[in-house]
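These notes are about the structure you will find just below.
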Amino acid sequence: MTSTRGATLFALALLAPALLYILTIVAYPLVDTFILSFTNASLKPDYDFVGWANYQRIFTAGNFTDVILRTFIWTFFSVSMKMVIGMTGAVLLNAAIPGQTVFRILTMPPWIVPMAIGIFMWGWMYNGQFGMISGLLQNFGLTKGPIAFLAYGNTAFWATVVTDVWIGVPMVTIYFLAAMQSIPKDLYEAAWTDGAGRFYRFRRITLPLMIPAIITMSLLSLIATFNSFDIIWILTQGGPSGSTTTMIIDTYKTAMGSRKYGEGAARAVVICIFVSLFCLAYFRAVRKLQQGEAK
Amino acid sequence: MSQLSLKRLEKSFNEARIIKGIDLEVADGEFVVFVGPSGCGKSTLLRMIAGLEDVTAGDIEISGKVVNDLPPVQRGIAMVFQSYALYPHMSVYENIAFPLRVEKLPQAEVDKRVGAAAKVLQLESRLQHRPGQLSGGQRQRVAIGRAIVRQPKIFLFDEPLSNLDAALRSEMRIELMELHKRLGSTMIYVTHDQIEAMTMADKIVVLNAGEISQVGSPLELYHKPDNLFVAGFIGSPKMNFINGKVRSADGAKVTIDLGSLGTLVLPRTSTAVAGQDVTVGIRPEHMQLGSGEFTLQTTPNIVEHLGIHTISYSTLPGGEPFIGLFDGDPSIEDGKALTVGFAIEHVHLFDARGLAVY
């Protein structure tokens, strides 16, 4: 009896640092935000509980539903492009070509360069007067005059997506490449012996065997992209006219720009719910894949 | 006309010559086994025949046609891999049907051929299972099934049984031999296991360091090895070798000085000449306890009692290891001297280059 109790206490002592860390860093802010979302907290020293008022306001007044829709569209295009480009890159890097290592190294810079520097670099490239992209388009005669990509809603939206894709692609590529290389070479040789061409081998062997990696990467990328803040903030701060305002930007603007902490917290809780659903989907997928492997 | 001809076939990886000018003829319906130690080039040779490795020099002919530059599918071969190479995400049915799907055969034909292969391989009840749900032997059969449905001229097997346990291996060996009888196809089989080679082959090709050491039937290789390598490789436990020097040789007999072991007189005509360094070879199973036309004293370091056989391991005065294999369970003990002998007719003789001297 004593020894069982001793073992339990010892286990708790071992867990204590991790528990303390989680309670301080994760649980406390989460609970605090949740409580804050039911208040009218602002710069004033005191605040009152307002019940569901913040939630009612964000879904009835203003354009929060537009922001949600925009966030999903932004995330959808960004994640899809990362997956498609990442997969294409992995296939190319996996091909037995001369200088393979050099090409693999060349995929890394977007990942290696500090994110803010990369984003500023894109900001300059999008510049209408000095930007490389506008300059090239004019040189090739594709546009008549300079285009300030970040000055118009439509182009700014796509400019932020492209920058996010540029930063995210290397990780996806390397992850897919690693998954691709774990497929036994014998399978391809057997298929080649049976007359299967390159595309057939990709479709019937590589792609099906990559599904676990694709699902995992898509969901992880979805979570990260949904919460992507720095790219949009540095490039456009959500503008022009809110055309690049996603949920995370909107929350920041409400809480930190307008100093409506209570309403901002309600928006943050909505984000948290969405991300939790993505996480749930991710864990369920992982469990299903592991069960599949066990079979 | 042979089904398969290899003509001065060579393979190099950069500077390393792996296959060094191999000539070989394989007849239609023959079961040929490539055997040799690790790194001798046997798998490379098989992969060259399959079309998975380029040919550096020489020609591969299948049914009289040079196939060096043809892709595997146009060579009329099917290959069974050591790892089975089954597609884990497909059912057994789809694994076997894979080559037929590539060919875009109609579903009825696919059903017919897969059904026939599954029947031959007793896989009918497993067709909807995934490879992960099968035993090692069943997986091996699926891999063979995938080869059968293509109806190839030549089957290529790359160490197909090496991942199975000993009991299953001998079972599958018999199944493969029955399959060969039933299909009557040409089969080329790579192994490093001489028991597989001896039991399955019509013809064994012994490879050493990228060259053919000897080609022949299993018993030819056992009874008349051309060189020291084949003599040592074929037979288990391996042949004993004792260094000696020819004292005299005439038309009727050869007298060999074996140092402190004495003098061995072989009553045979031989190309050996006086003064020549030679190696005398005698198989452990040809040893008799206590008597023989030539006898010697040994003290076993280790004795293995297997019930059906007893094997003694000792070292001769010249430092050569010496193994004796005796029927039954005679009373031999470690560290206790014993006299062993053998009949002269069982002695093999090799010159200083390791070539058989007859």
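In order, the protein sequences belong to chains A and B. So for the first sequence, the numbering used here puts the first residue at 1; every next one is plus one. So for the second sequence, the numbering used here puts the first residue at 1001; every next one is plus one. Think of the CB as a built atom: it goes at the ideal place given N, C-alpha and C, for glycine as much as any other residue. Since we're looking at a predicted model, the values are computed, not measured.
1) Can you tell me whether DSSP reads B/F1081 as helix, strand or coil?
2) Taking C-alpha atoms, which residue in A/F64, A/A116, A/T101 lies nearest to A/I248?
3) If I'm right that B/G1136 touches B/A1117 with Cβ under 8 angstroms, what's the distance once you round it to whole angstroms?
4) Rounding to the nearest angstrom, what Cα-Cα distance links B/V1092 and B/R1126 in this structure?
5) In chain A, which residues lie less than 9 angstroms from B/H1309 when you measure between Cβ atoms?
6) Taking only runs that begin and end inside the stretch 52-111 of chain A, name each unbroken alpha helix (DSSP H) of 4 or more residues, in chain order.
7) Helix, strand or coil for A/L23, going by three-state DSSP, please let me know.
8) For A/P184, return the contacting residues in chain B, with the cut-off set at a CB-CB distance below 8 angstroms.
9) Look at the alpha carbon of A/T39 and the alpha carbon of A/G51, and state the distance between them as a whole number of angstroms.
10) Excluding the 5 residues flanking A/I234 on each side, which residues of the same chain have their C-beta closer than 6 angstroms to its C-beta?
11) What span of residues does the alpha helix (DSSP H) with A/T33 cover, start to end?
12) Relative to the C-alpha of B/M1048, which residue among B/G1036, B/P1037, B/I1062 is closest?
13) Could you pull the DSSP bridge partners for B/H1309 from this structure?
14) What are the residues in the stretch 194-213 of chain A lying within 7 angstroms of chain B by C-beta distance?
15) Got a sec, what are the start and stop residues for the alpha helix (DSSP H) A/M217 sits in?
16) Which whole-angstrom value is the C-beta distance of A/F226 and A/T33, which I expect to be below 8 angstroms?
17) Do you know how far the Cα of A/Y21 is from the Cα of A/L15?
18) Are the C-beta atoms of B/V1092 and some chain A residue less than 8 angstroms apart?
19) Using the beta-carbon of each residue, which ones in chain B are nearer than 7 angstroms to A/L187?
20) Can you find a CB in chain B that lies within less than 8 angstroms of the CB of A/W192?
21) In chain A, which residues lie less than 9 angstroms from B/L1052 when you measure between Cβ atoms?
22) Could you check which residue in B/K1224, B/S1213, B/E1171 has the C-alpha nearest to that of B/E1196?
23) Between which two residues does the alpha helix (DSSP H) holding B/G1338 run?
24) Give me the Cα-Cα distance between A/P99 and A/T107, rounded to the nearest whole angstrom.
25) With a threshold of 16 other CB atoms inside 10 Å of the CB of A/R198, please say whether the residue is buried or exposed.
26) B/N1240 and B/I1282 - do their beta-carbons sit closer together than 8 angstroms?
27) Given a cut-off of 8 angstroms on the beta-carbon distance, is the pair A/M171 and A/A90 in contact?
28) Would the stretch 1186-1205 of chain B count as touching the stretch 1028-1035 of chain B if we require 3 or more Cβ pairs under 8 angstroms?
29) Would you call B/Q1214 buried or exposed, if buried means 16 or more other Cβ atoms sit within 10 Å of its Cβ?
30) Quick one: what's B/G1216 bridged to in DSSP?
31) Exposed or buried, which one is A/A41 when buried takes at least 16 other CB atoms within 10 Å?
32) Should the stretch 1208-1222 of chain B be regarded as contacting the stretch 1103-1113 of chain B, the criterion being three or more beta carbon pairs within less than 8 angstroms?
33) Taking just the CA atoms, how far does A/A196 sit from B/G1319?
34) Would you give the residue range spanned by the alpha helix (DSSP H) that A/M132 belongs to?
35) For A/T245, does the three-state DSSP call read helix, strand or coil?
36) DSSP puts B/R1017 in a beta bridge; with which residues?
This is what the structure gives:
1) coil
2) A/F64
3) Wrong, their Cβ atoms sit about 19 angstroms apart, outside the cutoff.
4) 7 angstroms
5) Think of a sphere of 9 angstroms around the beta carbon of B/H1309: no beta carbon from chain A falls inside it, the nearest being about 38 angstroms out.
6) 53-60, 64-94, 100-106
7) helix
8) In chain order: S1083, A1085.
9) 7 angstroms
10) I119
11) 28-36
12) B/I1062
13) B/D1327
14) D194, G195, A196, Y200, I205, P208, L209
15) 207-226
16) Not a contact, Cβ separation roughly 17 angstroms.
17) 10 angstroms
18) no
19) Under a criterion of Cβ atoms nearer than 7 angstroms, the residues of chain B adjacent to A/L187 are, in order, A1085, Y1087.
20) Yes - at least one Cβ of chain B is within 8 angstroms of the one on A/W192.
21) What B/L1052 touches in chain A: E189, W192, T193.
22) B/E1171
23) The question names Gly, but residue 1338 of chain B is Leu in the sequence shown. Unbroken run through B/L1338 is the beta strand (DSSP E), 1338-1342; no alpha helix (DSSP H).
24) Checking the sequence shown, residue 99 of chain A turns out to be Gly, not Pro. Taking the Cα positions, A/G99 is about 13 angstroms away from A/T107.
25) exposed
26) yes
27) no
28) yes
29) By the neighbour-count criterion, in which a residue is buried when 16 or more other Cβ atoms sit within 10 angstroms of its Cβ, B/Q1214 is buried.
30) B/I1204
31) buried
32) no
33) 57 angstroms
34) 132-139
35) coil
36) B/S1012
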